[in-house]
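One structure is given below, encoded as structure tokens.
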Amino acid sequence: MEYRVKNIGLAKDGWNKIRWAESHMPVLMKIKEANQKRRPLTGVRISAVLHVTKETAALVRTLRDLGADVWLAGSNPLSTQDDVAAALAEDGIHVYAWRGENESEYYSNIDIIVNANPNVVMDDGGDLHALLHEKYSNIRIKGGTEETTTGVVRLKAMEESGVLRYPVIAVNNAFTKYLFDNRIGTGQSAIDGILRSTNILLAGKIAVVVGYGWVGRGIATKLKGLGARTIVVEANPFRALEAVMDGFDVLPMDKASKIGDLFVTATGNINVIDVEHFRNMKDGAVLANAGHFNVEIDVKGLKEMSKQVSVIRENLEEYMLENGKRIYLLADGRLVNLVGAEGHPSEVMDLSFSNQALSVIYLTNNSLSNKVINVPEEIDEQVALLKLESMGIEINKMTKEQLNYIKQWKYGT
Ligand SMILES: NC(=O)c1ccc[n+]([C@@H]2O[C@H](COP(=O)([O-])OP(=O)(O)OC[C@H]3O[C@@H](n4cnc5c(N)ncnc54)[C@H](O)[C@@H]3O)[C@@H](O)[C@H]2O)c1
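In terms of the working numbering, the sequence shown opens at residue 526 and continues consecutively.
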């Protein structure tokens with residue numbers, strides 16, 4: 526079987542979504558157009574574990590049109606857009622994903638795309654890279670890419686313990702990725718997911734954002750912009766200071782947990798909201814997670830201390846605690862923007878996935894050492910320039926005199 530999707534009959538809706546995404550991803554389309562004749566990925570087999578969204582469809586179709594044989598599985602059991610998966614299957618991509626996979630289905634889909642014997646891999650979160658270092662350490666891989674902060678953290682740990690067995694380009698670390706995807710993209714799409722799941726009014730609510738990294742600062746800024754009285758919880762002193770000077774109240778979680786109406790986690794860390802915090806919370810508190818894994822809110826602990834769990838509407842569950850208080854959990858504690866909404870807007874994924882496409886070409890053309898490597902500066906800059914051009918925005922050019930001036934040390938006062 527060349528694909529496994531929920532319902533191939535959904536392909537028509539999927540095609541409409543893919544066309545919409547591609548028409549909002551001008552940089553990726555330009556990269557495709559510029560390389561289509563040369564087909565630099567001929568002979569390359571790519572296995573990718575990514576959220577199966579309309580934007581990912583634009584990416585894998587680009588890679589295929591540049592010559593690659595692409596195998597795709599989802600990077601989260603709940604984030605696959607089934608109509609998009611159906612359209613991709615119809616388009617000849619080997620796609621193995623559907624929304625609502627259980628854990629064994631999730632891993633068996635990844636097993637299938639690994640058994641296709643890829644020479645290049647693309648991952649979002651590090652599950653595929655981890656499998657290739659444990660269960661499938663026999664498969665020869667030329668190189669890989671990694672999309673998100675959590676995946677890069679895991680890969681750095683592999684590199685530091687001396688086990689990383691192929692080079693990986695940390696797409697997450699490109700300026701044109703984290704400054705826009707993590708911050709602007711998640712800022713908007715996490716709120717989209719919260720609103721689609723609850724339709725609560727944000728103005729006047731006390732919102733607590735846990736983690737003031739790239740994702741957290743995006744979410745906190747947008748929540749504040751919509752009128753929420755926003756509090757930041759941070760563990761890093763520099764980032765806490767930054768949050769204070771950006772105008773947020775900063776509190777530790779034990780204090781914030783007593784006053785928040787809405788909590789959003791974005792730390793990449795485990796149990797940042799735990800049973801002690803649930804006990805402190807006001808009746809009706811709403812919890813959402815925007816970090817990569819569903820470990821940031823202790824969902825298991827919440828279940829154990831609840832006498833009843835009811836589904837209120839799609840992606841919204843009510844937990845009735847023993848003490849009679851109700852806590853509302855969105856998207857089962859998984860990425861609220863991908864499960865409760867559609868993930869980042871296409872315009873943002875245009876930047877992230879242009880870095881992905883150019884990074885795959887780069888690593889197939891170069892011999893790199895087994896390290897976590899940043900996206901080459903010229904690729905990052907090319908993506909920024911192409912995006913500006915697509916938006917019709919011109920930037921200033923430094924004169925020769927200025928270029929010389931900023932490189933010298935002799936001129937002073
Ligand atoms: N939802 C999405 O679409 C999306 C997009 C990009 C990244 N991510 C994920 O979001 C998470 C955060 O990414 P990022 O780029 O902002 O990372 P980051 O490292 O820039 O920020 C994480 C922040 O959380 C803080 N933190 C860690 N533990 C904490 C604790 N116990 N209490 C308070 N603060 C704590 C850290 O000090 C840091 O400032 C990662 O899991 C990443 O993979 C999700």
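The beta carbon of each residue, even a glycine, is placed where N, CA and C say it ideally should be.
Assignment of alpha helix (DSSP H) within the stretch 543 to 598, counting only whole runs of 4 or more residues, yields 551 to 560 and 579 to 590 in chain order. Proximity of the beta carbon of Asn862 to ligand 1 is indicated: a heavy atom of the ligand is located closer than 8 Å.
Taking the Cα positions, Asn697 is about 37 Å away from Arg851. At a cut-off of 8 Å, the beta-carbon of Val758 counts as near ligand 1: some heavy atom of the ligand is closer than that. Restricting attention to Thr587, Ile731 and Pro602, the CA atom closest to the CA of Gly625 is found in Pro602.
Contact annotation: the stretch 621 to 639 touches the stretch 561 to 577, with at least three C-beta pairs closer than 8 Å. When beta bridges are read from the DSSP output, Gln833 appears opposite Met845. Taken through DSSP and simplified to helix, strand or coil, Asp799 comes out as coil. Distance from the CA atom of Asn796 to the CA atom of Lys828, rounded to whole angstroms, is 14 Å. Collapsing the DSSP output to three states places Leu656 in a helix. Taking a C-beta distance under 9 Å as the contact criterion, Gly651 and Glu671 qualify as a contact pair. By the Cβ rule, the stretch 738 to 746 counts as touching the stretch 782 to 794, because three or more pairs are nearer than 8 Å. Assignment of Leu689 by DSSP, reduced to helix, strand and coil, places it in the coil class. For the stretch 660 to 685, the full-length beta strand (DSSP E) segments reaching 3 residues or more read 668 to 671 along the chain. Below 8 Å, too few C-beta pairs join the stretch 907 to 918 and the stretch 718 to 733 to call them touching: fewer than three. Leu566 and Asn891 have their C-alpha atoms roughly 13 Å apart. Distance check between Tyr703 and each of Thr924, Asn899 and Trp596 places Asn899 closest, using alpha-carbon atoms only. By the C-beta criterion, the stretch 800 to 814 is judged to be in contact with the stretch 845 to 865, since at least 3 inter-stretch pairs fall below 8 Å. For Thr755, the enclosing beta strand (DSSP E) covers residues Arg754 to Val758. Taking the Cα positions, Leu653 is about 36 Å away from Gly785. Closest in alpha carbon position to Lys749, among Leu591, Asn541, Gly772 and Glu919, is Gly772. DSSP places Asp616 outside any alpha helix (DSSP H), giving it a letter other than H or E.
The three-state secondary structure of Val734, taken from DSSP, is strand.
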